[in-house]
Amino acid sequence: MNYYFEYKSPIGILTIISNGESITWLGIKGQKYFTHDLDALSLDVTLPIFTDTVKWLDIYFSGEKPNFTLPLAPQGSSFRQAVWKILCNIPYGEVVTYGDIAKIIAKQSGKEKMSSQAVGGAVGHNPISIIIPCHRVVGAGGNLTGFASGIATKIKLLEQEHIDVSRFYIPNV
473 MNYYFEYKSP IGILTIISNG ESITWLGIKG QKYFTHDLDA LSLDVTLPIF TDTVKWLDIY
533 FSGEKPNFTL PLAPQGSSFR QAVWKILCNI PYGEVVTYGD IAKIIAKQSG KEKMSSQAVG
593 GAVGHNPISI IIPCHRVVGA GGNLTGFASG IATKIKLLEQ EHIDVSRFYI PNV
């Protein structure tokens with residue numbers, strides 16, 4: 473059975489979905505790729521995974537780096553899983569480019585190169601936003617591109633981590 477919980481954050485209502493043991497989805501209500509029918513899930517505010525997630529998010533939104541990890545179970549292809557694993561290794565308060573991730577994926581898979589666009593597709597379909605920090609990925613030359621909840625939200629998350637966004641090219645938001 474799958475459960476959900478809603479968390480009021482400074483960037484909007486976050487919907488958190490769990491299988492009872494791990495987080496399987498976390499995103500801003502109404503964001504791109506939100507395909508869950510919440511009526512088909514059970515609302516539960518007592519699950520320990522939700523208590524832990526709220527604690528993690530409270531620490532994060534207070535401007536600090538959470539000092540513990542949560543059990544995560546994102547669902548996706550092996551390629552997407554590999555990209556999301558790399559996202560989890562981007563340090564708090566730092567950014568990497570889609571190209572950087574493409575180079576890592578190419579090396580891991582024994583290929584000469586990998587498409588940054590393919591990486592972008594996997595990053596864009598990250599099912600556990602914020603905790604799997606897709607907002608820490610920027611385009612070539614420091615372009616702030618792509619984010620399922622919009623560039624303005626991406627900027628807020630980067631600023632939340634004390635990243636100076638003035639060094640990036642910001643498209644009209």
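To convert a position in the sequence shown, counted from 1, into this note's numbering, add 472. Idealized CB from N, CA, C, for every residue including glycine.
For residue j and residue i, the rounded distance between their alpha carbons
i	j	result
Tyr570	Gly596	11 angstroms
Ala554	Gly548	10 angstroms
Glu493	Val637	36 angstroms
Gly593	Phe551	10 angstroms
Phe640	Glu633	15 angstroms
Ile495	Val526	12 angstroms
Asn539	Trp528	8 angstroms
Ser514	Asn491	10 angstroms
Arg608	Ser481	19 angstroms
Asn644	Glu536	29 angstroms
Trp450	Asn598	No statement about residue 450 is possible, as the shown extent of the chain runs from 473 to 645 and does not include it.
Leu629	Leu486	13 angstroms
Gly484	Glu631	16 angstroms
Cβ distance (whole Å) where residue i is taken to contact residue j below 8 angstroms
i	j	result
Leu542	Ile603	6 angstroms
Ile600	Trp497	6 angstroms
Gly565	Ile635	6 angstroms
Extent of the continuous alpha helix (DSSP H) to which residue i belongs
i	result
Gly592	Ser588 to Gly596
Thr525	Pro520 to Phe533
Gly571	Tyr570 to Gln580
Leu498	Here Leu498 belongs to no alpha helix (DSSP H); instead the beta strand (DSSP E) covers Ile495 to Ile500.
Glu536	Premise fails: Glu536 is in no alpha helix (DSSP H) and is neither H nor E.
Ile627	Ile623 to Gln632
Val555	Ser550 to Cys560
Endpoints, the beta strand (DSSP E) within which residue i is located
i	result
Glu478	Tyr475 to Ser481
Three-way DSSP call (helix, strand, coil) for residue i in this model
i	result
Tyr641	strand
Gly618	coil
Thr487	strand
Problem - Three-pair Cβ contact test at 8 angstroms for the segment 515–530 versus the segment 473–482 - result: yes
Practice task
Tell me, please, whether the segment 572–586 touches the segment 623–630 by the rule of three or more beta-carbon pairs shorter than 8 angstroms.
Solution key: no
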